[in-house]
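Student: Next up is a structure, given as structure tokens.
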Amino acid sequence: MLNLASTQRHDGTTTVQREPGMSTNDENAPEIRTGQWEDALSFVAVHQDKAAYSELFSYFAPRLKAFGMKMFGNEQQALEMVQDTMLNVWRKARLFDPSRGCASTWIFTIARNVRFDMLRKKQSRKDDISADDLWYDGNYPEQEDSGSHQWDTVLMTEKLAPHFDRLPEAQRLVMVKVYLEEKSHQEVSDELAIPLGTVKSRIRLALDRLREALDDTRS
Amino acid sequence: MTHAVKYHPGIPLLEQYVEGTLEADVALAVSAHIDLCPHCQQLCLDLSAEQGLMLEKSAPAAELNVSDMDEMLAEILAHTQLDTGQVSSQPEGPVQVHLKGKTFTVPRALARLVEQQTKWTQLGSIANAKLPAGDKRHVSLLYIDKDTAIPQHTHKGLEITLVLSGRIVDEQGSYGVGDILINTPDDTHTPRTLPDEDCLCLSVLSAPLQFNKGITRLLNPLQHLFY
Chain F
1 MLNLASTQRH DGTTTVQREP GMSTNDENAP EIRTGQWEDA LSFVAVHQDK AAYSELFSYF
61 APRLKAFGMK MFGNEQQALE MVQDTMLNVW RKARLFDPSR GCASTWIFTI ARNVRFDMLR
121 KKQSRKDDIS ADDLWYDGNY PEQEDSGSHQ WDTVLMTEKL APHFDRLPEA QRLVMVKVYL
181 EEKSHQEVSD ELAIPLGTVK SRIRLALDRL REALDDTRS
Chain X
1001 MTHAVKYHPG IPLLEQYVEG TLEADVALAV SAHIDLCPHC QQLCLDLSAE QGLMLEKSAP
1061 AAELNVSDMD EMLAEILAHT QLDTGQVSSQ PEGPVQVHLK GKTFTVPRAL ARLVEQQTKW
1121 TQLGSIANAK LPAGDKRHVS LLYIDKDTAI PQHTHKGLEI TLVLSGRIVD EQGSYGVGDI
1181 LINTPDDTHT PRTLPDEDCL CLSVLSAPLQ FNKGITRLLN PLQHLFY
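Heads up: the protein sequence lines correspond to chains F and X, in order.
Residue numbering for the first sequence follows my numbering, starting at 1 and increasing by one per position.
Residue numbering for the second sequence follows my numbering, starting at 1001 and increasing by one per position.
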């Protein structure tokens, strides 16, 4: 585990940088290497590697606790959520599929589901909506990445400008680089030190927001 | 199929759904829509990734008892029985409902609830089956036979209708499978089916107070960029 981590840490381009608009805490934001948590999870999955799991735990548990405090406003419940979530991370590591997304996404969805079911259980109803009903834990059929090219000309129009400025900062930054500076997705990924998938997903989200701002077919 | 669905929940609703802060019965309708809508499936994956990044980049809890955390870690690592397969309370395979000699397959999100209970109450050419969703709201399957107009009804809250089969039309438009309609108390509409096509929907009815809460939610910092 340590070996793997240190060899990849030499590669300066994969260091994740802080992005504007994200809440960060300078003293408490250790350097995260791209792929670090995905690697750790796969070590847990394959070798039940306790050192790799401890690394994940010491990074995510305190952050999950902050998340839990915000959601429950109660330390005991926040800690219960952290424990259930991190136990699931340990026990279900084999079910993590890196092709479907980042480790942080997977951990977030586990925490969300644990929290949801905790709240429902408190209301003590038997036949009830559960996290399993609401969030599909599987693959929907693959979608082709479509529809962005038809926006190239529309994006330049005056009409869109005010909406463009109101995009979330992280999305706007990616859009400026791709559409105004005409950089490739890969170039933007390198420049901002964010995964290629994040570049693509931010473009999709931004395009959908703009689409929504322009036409009103959404309820 | 990709662009067959025309009426989607807005991004603010999808965001709350992904965060898990949307009320459960509204989230159920959104979830069933997503099962039917590849476009929103992709958006939800993207929104989940953003939430994951936010968690990763967030600040750790200010007050942390180190020995508590060490204890928790030790307790977790003591579990040696690890999961190898997917455990889910979801039924295997598609779940169907039968009505008037017809068979309808329900979306995955509704499968477990529908399997638990579907008792139809029939009123003329309209049938209703309440789902055991466990909330204050009325969550039901609504069947409307062809060539039928919904009698004028008043409800004081939010009305969500998701088309599961067939088509329904009103003054504003025509809604097919996967389309979601969200009507507030201010909206008046007279939905009806076409002369040759019946319709099965999911219907969620709420009280105004909860809806106001939903609207207020739009003003929170996560969505302030939106308006």
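Where a beta carbon is used, it is the ideal one built from N, C-alpha and C, also for glycine.
Since the structure is predicted, the reported quantities are computational estimates derived from the model, not experimental observations.
For X:A1061 and X:L1013, what's the separation of their Cα atoms in angstroms?
Tutor: Answer to the nearest angstrom: the Cα atoms are 28 Å apart.
Student: Determine the chain F residues that contact X:Q1090 at a beta-carbon separation under 7 Å, and present them in chain order.
Tutor: Here the neighbours are D132.
Student: Per DSSP, X:R1192 is paired with what?
Tutor: Answer is X:A1149, X:V1169.
Student: Under the rule that 16 or more other beta-carbon atoms within 10 Å means buried, what is X:H1008, buried or exposed?
Tutor: Looking at its Cβ environment, which holds 16 or more other Cβ atoms inside 10 Å, X:H1008 is buried.
Student: Please say whether X:E1056 and F:S42 have beta carbons closer to each other than 8 Å?
Tutor: In this structure, X:E1056 does not lie closer than 8 Å to F:S42 by Cβ.
Student: Could you spell out the range, first to last residue, of the alpha helix (DSSP H) harbouring F:L205?
Tutor: Its alpha helix (DSSP H) spans residues 196-214.
Student: Between the C-alpha atoms of X:D1145 and X:D1198, what's the straight-line distance to the nearest angstrom?
Tutor: Cα to Cα, the separation comes out at about 5 Å.
Student: Using a cut-off of 8 Å between C-beta atoms, extract the partners of F:P62 located in chain X.
Tutor: Correct list: P1060, A1061, L1064, M1069.
Student: Which residues bound the beta strand (DSSP E) around X:V1018?
Tutor: No beta strand (DSSP E) contains X:V1018, which is instead part of the alpha helix (DSSP H) from 1011-1019.
Student: Please classify F:N25: is it buried, with 16 or more other beta-carbons within 10 angstroms of its beta-carbon, or exposed?
Tutor: Confidence in F:N25 is poor, its pLDDT being 45 and thus under 50, which makes the residue's placement too unreliable to answer from.
Student: Got a sec, what are the start and stop residues for the beta strand (DSSP E) X:S1140 sits in?
Tutor: Residues 1138-1144.
Student: Name the chain F residues whose beta carbon is nearer than 9 Å to that of X:H1079?
Tutor: Ordered by position in chain F, the residues that pass the 9 Å Cβ test against X:H1079 are L87, W90, R91.
Student: Since X:Q1117 and X:P1132 should fall inside the 8 Å C-beta cutoff, what is the C-beta to C-beta distance between them, to a whole number of angstroms?
Tutor: Confirmed, Cβ separation roughly 5 Å.
Student: Apply the 10 Å Cβ neighbour rule to X:A1074 and answer buried if 16 or more other Cβ atoms are within range, or exposed otherwise.
Tutor: Exposed, since its Cβ has fewer than 16 Cβ neighbours within 10 Å.
Student: Under 8 Å Cβ-Cβ, which residues of chain X neighbour F:M69?
Tutor: By Cβ distance, chain X contributes A1061.
Student: Compare the C-beta of F:S189 with all C-beta atoms of chain X and state if any pair is closer than 8 Å.
Tutor: No, its Cβ sits nowhere closer than 8 Å to a Cβ of chain X.
Student: Could you check whether F:D133 and X:L1028 sit closer than 8 Å to each other, using their CB atoms as the reference points?
Tutor: Cβ distance < 8 Å, so X:L1028 and F:D133 count as in contact.
Student: At a Cβ threshold of 8 Å, is F:R115 touching chain X?
Tutor: Yes, because at least one Cβ of chain X sits closer than 8 Å to the Cβ of F:R115.
Student: To the nearest angstrom, how far is the alpha carbon of X:P1091 from that of F:G138?
Tutor: Cα to Cα, X:P1091 sits roughly 14 Å from F:G138.
Student: Cβ closer than 9 Å: which chain X residues qualify as neighbours of F:I107?
Tutor: Those are G1052, L1055, E1056, listed as they occur along chain X.
Student: Using a Cβ cut-off of 9 Å, pull out every chain F residue sitting near X:E1019, in sequence order please.
Tutor: Those are R112, listed as they occur along chain F.
Student: Please list, in chain order, all residues of the same chain as F:L87 whose beta carbon is under 8 Å from its beta carbon, the five residues on each side excluded.
Tutor: Nothing meets the Cβ criterion.
Student: Since X:I1160 sits in a beta bridge, which residues does DSSP pair it with?
Tutor: Partner(s): X:I1182, X:V1204.
Student: Note down, in chain order, all residues in the stretch 1095-1109 of chain X with a beta-carbon under 8 Å from any beta-carbon belonging to chain F.
Tutor: Residues R1108, A1109.
Student: Label F:S99 either buried or exposed according to how many other C-beta atoms from any shown protein chain fall within 10 Å of its C-beta, with 16 as the threshold for buried.
Tutor: Result: exposed.
Student: Could you check what DSSP says for X:A1059 in three-state terms: helix, strand or coil?
Tutor: Coil, per DSSP.
Student: So is F:N25 in contact with chain X if we call contact Cβ pairs under 8 Å?
Tutor: Since pLDDT at F:N25 reaches only 45, below the 50 mark, its modelled position is unreliable, and the value read off the structure follows with that caveat. Answer yes: the Cβ-Cβ gap between F:N25 and chain X drops below 8 Å somewhere.
Student: Can a CB atom of chain F be found closer than 8 Å to the CB of X:S1031?
Tutor: Chain F contact via Cβ: present.
Student: Within 10 Å of its beta-carbon, does X:K1102 have 16 or more other beta-carbons around it, so buried, or fewer, so exposed?
Tutor: That one is exposed.
Student: Looking only at its chain, what residues have a beta carbon closer than 6 Å to the beta carbon of X:Q1096, apart from the 5 residues adjacent to it on each side?
Tutor: Cβ neighbours of X:Q1096 beyond the five flanking positions: T1103, T1105.
Student: Just to check my reading of the structure: F:I107 and X:G1052 have Cβ atoms closer than 8 Å, yes? What is that Cβ distance to the nearest angstrom?
Tutor: F:I107 to X:G1052, Cβ: 7 Å. Contact.
Student: Which residues in chain X have a C-beta closer than 7 Å to the C-beta of F:F57? List them in chain order.
Tutor: Here the neighbours are L1073.
Student: Does the CB of F:Y179 have a neighbour CB from chain X at under 8 Å?
Tutor: Cβ-Cβ to chain X under 8 Å: no for F:Y179.
Student: What residues of chain X sit near F:T198, judged by a beta carbon separation below 8 Å?
Tutor: By Cβ distance, chain X contributes A1049, L1053.
Student: Which of the three DSSP states is assigned to F:Q110 in this structure?
Tutor: In the sequence on display, residue 110 of chain F carries Ile and not Gln. Reduced to three states, the DSSP call for F:I110 is helix.
Student: Since X:D1083 meets chain F, which of its residues come closer than 8 Å, beta carbon to beta carbon?
Tutor: Under the 8 Å cutoff, chain F gives R91, K92, R94, L95.
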